[in-house]
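One structure below.
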Amino acid sequence: MKSIIMDEPAINRSILRISYEIVERNKGIKDLVLVGIIRRGEDIAGRIANKISELEGNVPVYSIDITNFRDDIGYRSANIDVEIPVDNKNVILVDDVFFTGRTIRAAMDALTFSARPKTIQLATLIDRGHREFPIRPDYVGKNVPTSRDEDVIVNLIELDGIDQVYILKREI
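Written as structure tokens, this is what we have:
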């Protein structure tokens, strides 16, 4: 069973609110960098950057592949190459859904592998709970309490042709 929890206007309002909060909390955009986690996080980061550019000016946006830093994957490439210019920058790490914290932990490992950010903050469209690490988002589009037998699916127009977020109950 599919239950839509955010439509296009709701997603756009969340992106706008998150953008304002980022600018306010960081007192502008000086030394600010957005890093989107591949795949949907990078598209959300791009949208946030576009809104921030309307408010304050351009902010650099990068994408990060965390595959080699995940703790649930046995194989790790010997060729780890993460070169994002984040030294002494305030990094806003962006993802679509925050769940256990494992993805974010891997992203922080990847970011700090070859650089030293001044700060790392987290922005997510959906926070669904179920923490396994002591990590919490700084900017949240919507808090959605879920059970473990539900999936939160984010569709973005850039990838899926539609903007919506829905909960899908898995068949048991």
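In terms of our numbering, the sequence shown opens at residue 517 and continues consecutively. We put the CB at the ideal spot given by N, CA and C, even for glycine. This one's a predicted model, so the numbers in the text were calculated from it and none came from an experiment.
Discussion item. For a quick check, are the C-beta atoms of G657 and R533 less than 9 Å apart?
Written reply: yes
Worksheet entry | Which of helix, strand or coil DSSP assigns to G657 | strand
Worksheet entry | Counted within 10 angstroms of its Cβ, other Cβ atoms place I673 as buried (16 or more) or exposed | exposed
Fill in: Through-space distance from E666 to I683, alpha-carbon basis
6 Å
Fill in: Unbroken stretches of the alpha helix (DSSP H), 4 residues or longer, contained in the segment 538–594
556–571
Item to complete: Go ahead and pull the three-state DSSP assignment for T635.
Response: strand
Item to complete: Please look up how many angstroms separate the CB atoms of N584 and D547, rounded, as I've assumed it's under 8 Å.
Response: At roughly 27 Å, the Cβ-Cβ gap does not stay under 8 Å, so N584 and D547 are not in contact.
Worksheet item: Per DSSP, what kind of secondary structure is F614 in: helix, strand or coil?
Response: strand
Worksheet entry | DSSP beta-bridge partners of S519 | I683
Worksheet item: Which class does T662 belong to by DSSP, given the choice of helix, strand or coil?
Response: coil
Practice prompt. Could you tell me which of I642, D643 and I600 sits nearest to A623, measuring between CA atoms?
Written response: I600
Discussion item. If the criterion is Cβ atoms closer than 9 Å, does the pair V551 and V602 meet it?
Written reply: yes
Worksheet item: From P576 to K685, what does the alpha carbon distance come to, in whole angstroms?
Response: 37 Å
Item to complete: Count the other CB atoms, across all protein chains shown, that sit within 10 Å of the CB of E524; report buried if there are 16 or more and exposed otherwise.
Response: exposed
Worksheet item: In terms of residues, what are the limits of the alpha helix (DSSP H) holding L675?
Response: I673 to D676
Worksheet item: Can you check whether the CB of L638 is closer than 9 Å to the CB of L609?
Response: yes
Item to complete: Apply the 10 Å Cβ neighbour rule to T635 and answer buried if 16 or more other Cβ atoms are within range, or exposed otherwise.
Response: exposed
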